[in-house]
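A quick write-up on the structure given underneath.
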Amino acid sequence: MPLVKQLAKQTIQLDAGDPVKKSYFGVLATLILLIVLIILIYPAVKHVTKLNKEISDARVTKATLETKLANLKRAKANLEEVGGNLSILDLAIPIGSDLTPYLQKIEVLAKKSKLKIIAVQFTNIPLSKPEAVESLKSQKLDYSVTVEGSFPNFRKFLAYLENFIRTSDVTIVDLAKNQDGDLQETVDVTSYYLGIKFAPTTTTPTKEDLEAIGE
Amino acid sequence: MSKNFVPILLLTFITITVWVAFQIFKIATSSTIPAPTQNQLERLDPTLDKNVLEDLEKSLK
Chain A
3 MPLVKQLAKQ TIQLDAGDPV KKSYFGVLAT LILLIVLIIL IYPAVKHVTK
53 LNKEISDARV TKATLETKLA NLKRAKANLE EVGGNLSILD LAIPIGSDLT
103 PYLQKIEVLA KKSKLKIIAV QFTNIPLSKP EAVESLKSQK LDYSVTVEGS
153 FPNFRKFLAY LENFIRTSDV TIVDLAKNQD GDLQETVDVT SYYLGIKFAP
203 TTTTPTKEDL EAIGE
Chain B
971 MSKNFVPILL LTFITITVWV AFQIFKIATS STIPAPTQNQ LERLDPTLDK
1021 NVLEDLEKSL K
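Those protein sequences? They're chains A and B, same order as listed. In the working numbering, each number is its position in the first sequence, counted from 1, plus 2. In the working numbering, each number is its position in the second sequence, counted from 1, plus 970.
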């Protein structure tokens, strides 16, 4: 209360004094008042905005979860309907890269087509079977096979690959004759599997790492 | 003396107003849904193409 009295006294004194001084005091007082007001109001506005945001997010979450629940029910019904065919799906897109049996099958197909495998190239493919079933996603398995043999046999090989249960996309086919005059065919294939996203390490091995590998 | 305070107070007022506005904007735009819930909210497509299964069955024969 004494502060109010003092301010009132000053205002009365200013009324009697310089009118320019009076106007500056008014501006200053207004600015200080506004600053104090904003600082005082800020926590309340922040809290209200946060609450509003949480309520709107909760509504979105509820609606999305309800949709997902309905989708899960439909998915469950579909699963029960095709329960017997799950083994076929597992053959088409296996869990884990399943590279060894896949390459063995490619070898069999090449042999069946009377082709000789010259080279197989692949990089960054995890060989272990993933354990975390809940986070599995469709991953690509890119590789290239170079075979040697006649063109009709190569066409047969492609037909076998196309009819093979495991889903494979042939992206590039490259035909070339080697120094001996034999036809060499290189096929770039993309196959698919269910797995965890594989992140190749980019760090260079230290001396200790190399020694450990050596041991 | 009072005249010198006016620009300082004016700038302080503008700074505080802008800061408060940005803070409110940040709160209003950033999501409050926690990461595990966001994972659970990921869309699930329940449709199943039965023709694909039939094709796969054919390729087995």
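Using N, Cα and C, we set each Cβ at its ideal position, and we do this for glycine too. In this text the structure is predicted, and so the values were computed from the model without any measurement.
- The beta carbon of Thr985 of chain B does not come within 7 Å of any beta carbon belonging to chain A, so the residue lies off that interface.
- Residues of chain B whose Cβ lies closer than 9 Å to the Cβ of Val84 of chain A are, in chain order, Leu1018, Lys1020 and Leu1023.
- Glu1012 of chain B and Leu67 of chain A have their alpha carbons spaced roughly 9 Å apart.
- Residue range Leu101 to Lys114 is occupied by the alpha helix (DSSP H) that includes Leu111 of chain A, with no beta strand (DSSP E) assigned at that position.
- Taking the Cα of Val149 of chain A as reference, the smallest distance to any Cα among A:Ser58, A:Val189 and A:Lys131 is reached at A:Val189.
- Measuring C-alpha to C-alpha distances from Asn165 of chain A to each of A:Leu53, A:Ile108, A:Leu36 and A:Ile43 identifies A:Ile108 as the nearest.
- Taking a Cβ-Cβ threshold of 9 Å, none of the residues of chain B is close to Glu150 of chain A; the smallest such distance is about 27 Å.
- For Gly85 of chain A, the three-state secondary structure derived from DSSP is helix.
- Look at Glu68 of chain A: its C-beta is not under 7 Å from any C-beta on chain B.
- Closer than 7 Å to the CB of Thr51 of chain A there is at least one CB belonging to chain B.
- The C-alpha of Tyr44 of chain A is placed about 11 Å away from the C-alpha of Ile37 of chain A.
- Taking CB atoms only, Lys158 of chain A has no neighbour in chain B less than 7 Å away.
- A residue is called buried once 16 or more other Cβ atoms fall within 10 Å of its Cβ, and Arg61 of chain A, having fewer, is exposed.
- Residue contact with chain B for Arg168 of chain A: absent (no Cβ-Cβ distance below 7 Å to any residue of chain B).
- Not a single C-beta of chain B is nearer than 7 Å to the C-beta of Ala161 of chain A.
- When beta bridges are read from the DSSP output, Leu185 of chain A appears opposite A:Lys179.
- The DSSP-derived three-state label of Phe983 of chain B is helix.
- Two segments are said to touch when three or more pairs of C-beta atoms, one from each, lie closer than 8 Å; by this definition the stretch 110-117 of chain A touches the stretch 161-178 of chain A.
- The three-state secondary structure of Ser146 of chain A, taken from DSSP, is strand.
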